[in-house]
Each structure stands twice: as structure tokens, then as C-alpha cells.
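Start counting the sequence shown at 1; every next residue gets the next number (UniProt numbering).
Every residue, glycine too, gets a C-beta built ideally from N, C-alpha and C.
Single-structure report; data block below.
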Amino acid sequence: MSRPIDSQEEALALARSMHDTIRSRVKQTESERVVPKETIDALRDSGLFNIITPKSFGGSELGFTTLVEVTAEIASACGSTGWVFGVLAGHSWMLNLFPLQAQRDVLGEGHALTATVFRLGGTITEVDGGYRLVGGEGRFCSGIDHVQWVIIGNAVQRLDGPPEPRFFVIPRSDIEIVDDWHTAGLRGTGSRTIKVADAFIPAHRSVSVKNMMTGNVEGADAMRAPIYRMPFQNVTPFSLIGAPLGIARAAIRSFTEGLSPRLKAFSSEQAAEQSATIERLAHAVADVDAARALILEDTRRIDTAGSADSLTPLEWARIPRDWAYSAQVARRAANSLFEAAGGTSIYNASELQRIWRDVNSAAQHFAFTWDSALTNYGRQALDLPPSNFGPGPKK
1 MSRPIDSQEE ALALARSMHD TIRSRVKQTE SERVVPKETI DALRDSGLFN
51 IITPKSFGGS ELGFTTLVEV TAEIASACGS TGWVFGVLAG HSWMLNLFPL
101 QAQRDVLGEG HALTATVFRL GGTITEVDGG YRLVGGEGRF CSGIDHVQWV
151 IIGNAVQRLD GPPEPRFFVI PRSDIEIVDD WHTAGLRGTG SRTIKVADAF
201 IPAHRSVSVK NMMTGNVEGA DAMRAPIYRM PFQNVTPFSL IGAPLGIARA
251 AIRSFTEGLS PRLKAFSSEQ AAEQSATIER LAHAVADVDA ARALILEDTR
301 RIDTAGSADS LTPLEWARIP RDWAYSAQVA RRAANSLFEA AGGTSIYNAS
351 ELQRIWRDVN SAAQHFAFTW DSALTNYGRQ ALDLPPSNFG PGPKK
């Protein structure tokens, strides 16, 4: 295992040092519909996948601010690579909600990576010593080609009561991958469908969703840092939001690189005619900067909170609101620049076209659904009951 990274500054410096190499592999990533193994190996060897892994398992324990910033930096080079990085790095936090033995099974392997399918179909029943999963199938398993484990969500069918939603962690060897990832954007994430025909899951590799939503679980209680005792539904998408922010920054860079030489060749009168385009660029930069600032204010609040109770219900409701808002702002900024880029931007060879596809695909994630985020925040602001998976710890 690589040595732990000591600071956010070191983590960002490592990510920036890989920028040109990752960017040079964008076409390969898109055409092969998977992040190249060489890129994953470099990220793993650098220690970046462990920036939010607990120190007790050899990680850096740097917090969500670092996770978002590093993900955005990588996504500014390649949206698909940034998305996969955020997902796989972030799951080392989610693993710490599982019992300690499950953590040892996975994180004890040193370089093991974990993917997720939050809603896996099929039937899970209790059996002696654990659970039996039959006929499981679920979509959007980002990074599945590079992992050794997968976290899945399903409801256990009980004879003596209603189904109980739980998460489970299963080895990659139990999984069949369906090659169905043919999409408009984020093509390189390899977010394929997975199937599990029949698998036994030991009891210690499972955790109750109800307990995860409070942060009061065995695995988290064993960790010293408070970030491992936060409700999962209010922190998990921090592993994703860096990607659209970074992709939007790439749109700004690509647009600027295309526009600047043309403006310098114009006469003063011609340049003046482009003032609306220049203002559009400035507006996009301001929007993306503001979206980033909003998210980092949230992550710093989480990173420094002593416990989940340190935040009020309205503050918890604000966080999903900000994920959705920031993702949609990133989408809007990139779309605005794409509109202004002219006809050349529609060619498949256009970098801006690929960026435009990626940011719009990223913003489609259910965690960034603006309507539901608005509703949940508004209900909390009006002191109305939240939805079942609304914001904040569940008592």
C-alpha cells in the first residue's frame, strides 16, 4: 500500500501532476468505455484513492473537502475518470458503516476498490449465518471493471415482519457484468449493469439502512474521526459532486482556448462585437466558482462538525439542495459556452462537445434532481415532515 497523503495540498498536487496524462487518454477512455487500467493503477499507487479512508486502515482521513477538490481536479482533465475516481474513493467512507469484520475483509486487502449499486433487484432472505441473494440485477455500477468488491442495496424478506432495507458488500467474483454501457456522455465510466445469480452473504457483511441514516453503526462507532459517524444519505454524494464541477471548469478552459486566439486576431471594432460572448464566459466562470464555494462551505461544515447533531435539520436539508443546485449550475455554465461556441462544436472531434455531453450526463444523477431537492429543503424550512429519504439524521 502507498503511504498516506498528509494534506489536501499534497493530494491536489498529486492530482495536478497527473492532469496531462489523464487528459491525453480521454479518447481512449471514451472509445473503450472504461478508464484505462494504467490510469487506475497510477491513482492507486499515488494513494489518492485512500484520501478519505480511515487512518486505522492505512488511509489519509482527509475529509470531504479534499475528496471534492481532488475529484474536481481529475474531472477537469477527463470527466469519466473524475467520476470513477470520486465514486471509488468515496466508497472507502461508506465501507466504514459496515461491521469491523467487513471492513477488514475489504480494506485489509490494501489496494482493494469498491463499487456500488444502491438498488439491486432480486430476492434476499435470511439463512443460517447470513443472507442468500438470488436473481440480483442492477444498473449504473460505475468503475466495476476495476473493483474487487461491490456494495449493493436490497430489502431482506422476513417471515416475521415487513422487509428490512439493508446494504451488503459482496466480492466481485459473485458478479456477472453486462456490457450495456452505451450512453451519450460519461462513456468512459463503464457504469455497466451487474447480475448476481445466487450468492451467500455472511451476516457481518451487512448493515441496516435505518442505522446508516443516523450514522450510529458499529463500524463508524469504532472510528475516532466524526466524519465516519455522519448519516450516509447526507454525505455520500460528496463523492460525485466534484465531477460536474470539474467538467464545467474543463468547458471554461476549452472555450477560452478556442476563443482567445480569434479575439486577438480581430480589430478593435470586431472584438467589441464579441462583447456578449466575453460576458458569457465571465458569467460561466462566476457561476462555477459560486457553485464550488457553496459545496466547499458544506464540506467544511461536515469536516469540522463534532457529530451529526452539530447540524440543525435545516442545515442538513441545505446539503442535498446544494448538491443539486451546484450540479445544475455547472450544467448551465457548460451549456451556455457550448451555445456560444458555434457550429464547429458539434463535431465528434470537438473537445467541448465531449465535455458538454459529460456534464449533462453527470447532472442527470438522481442525487442532483433539482425538483426533489427543492421540495425537501422547502418542507424543512416550513417545518413540514421530510420525505422517507429526506435530509438529516433519522431518529
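CB-CB length for residue i against residue j, believed under 8 Å
i, j, result
"K150", "T114", "For the sequence presented, residue 150 should be read as Val rather than Lys. Indeed, because the Cβ distance is near 7 Å, the residues count as touching under 8 Å."
"I51", "L133", "Going by Cβ atoms, the distance from I51 to L133 rounds to 31 Å, so no, they are not a contact pair."
"I295", "V68", "6 Å"
"K195", "E137", "5 Å"
"S46", "T189", "With a Cβ gap of about 20 Å, S46 and T189 do not count as contacting."
"L88", "V147", "7 Å"
"A282", "V359", "The Cβ separation is near 19 Å, so there is no contact."
"F167", "S142", "Not a contact, Cβ separation roughly 17 Å."
"L186", "A72", "Going by Cβ atoms, the distance from L186 to A72 rounds to 15 Å, so no, they are not a contact pair."
"N211", "W316", "Their Cβ separation, rounded to whole angstroms, is 17 Å, which puts N211 and W316 out of contact at 8 Å."
"D303", "G63", "4 Å"
"C78", "R33", "Rounded, the Cβ-Cβ distance is 13 Å, inconsistent with contact."
Length of the line joining the Cα atoms of residue i and residue j
i, j, result
"L12", "A330", "21 Å"
"N376", "P386", "6 Å"
"S7", "S191", "31 Å"
"A340", "K37", "36 Å"
"L337", "E257", "12 Å"
"L14", "R229", "28 Å"
"A272", "I177", "Summary for A272: the model assigns pLDDT 49, below 50, so the residue's position carries little reliability; its value from the coordinates is reported in the next sentence. Each residue's Cα considered, the two are about 55 Å apart."
"I152", "V288", "33 Å"
"S76", "F98", "32 Å"
"E218", "R253", "45 Å"
"Q103", "D160", "30 Å"
"S372", "G378", "10 Å"
"R354", "T65", "27 Å"
"E351", "S31", "14 Å"
"V156", "L311", "32 Å"
"residue 407", "F49", "No statement about residue 407 is possible, as the shown extent of the chain runs from 1 to 395 and does not include it."
"G110", "S2", "9 Å"
"R25", "F85", "15 Å"
"S17", "F255", "23 Å"
"D174", "A197", "8 Å"
"G135", "A199", "9 Å"
"Q380", "P313", "7 Å"
"H365", "M223", "30 Å"
"P237", "T21", "27 Å"
"F368", "R321", "8 Å"
"R357", "D128", "48 Å"
"L43", "L382", "45 Å"
"A284", "Q101", "47 Å"
"A243", "N216", "29 Å"
DSSP-derived helix/strand/coil call for residue i
i, result
"T39", "helix"
"E109", "coil"
"I144", "helix"
"G242", "helix"
"L133", "strand"
"G378", "helix"
"T189", "helix"
"R33", "coil"
"R104", "helix"
"R3", "coil"
"P386", "coil"
Host alpha helix (DSSP H) of residue i (start-end)
i, result
"R23", "19-24"
First through last residue of the beta strand (DSSP E) which encompasses residue i
i, result
"T114", "114-117"
"I124", "123-127"
"I175", "That residue, I175, is in no beta strand (DSSP E); it is neither H nor E in DSSP."
Any non-hydrogen atom of the ligand FAD closer than 7 Å to residue i Cβ
i, result
"L240", "Among the components modelled here there is no ligand, and therefore nothing to report on the ligand FAD."
*asked:* Suppose only complete runs of 3+ residues qualify. What are the beta strand (DSSP E) ranges in the region 147-172, listed by chain order?
replied: 149-157, 164-171
*Continuous alpha helix (DSSP H) assignments of at least 4 residues falling wholly in the region 44-97*: 64-75, 79-94
_Inside the region 193-240 only - beta strand (DSSP E) runs reaching at least 3 residues_ = 206-208
*asked:* In chain order, what are the residue ranges of uninterrupted beta strand (DSSP E) at least 3 long that sit wholly in the UniProt domain "Acyl-CoA dehydrogenase C-terminal" (244-369)?
replied: none
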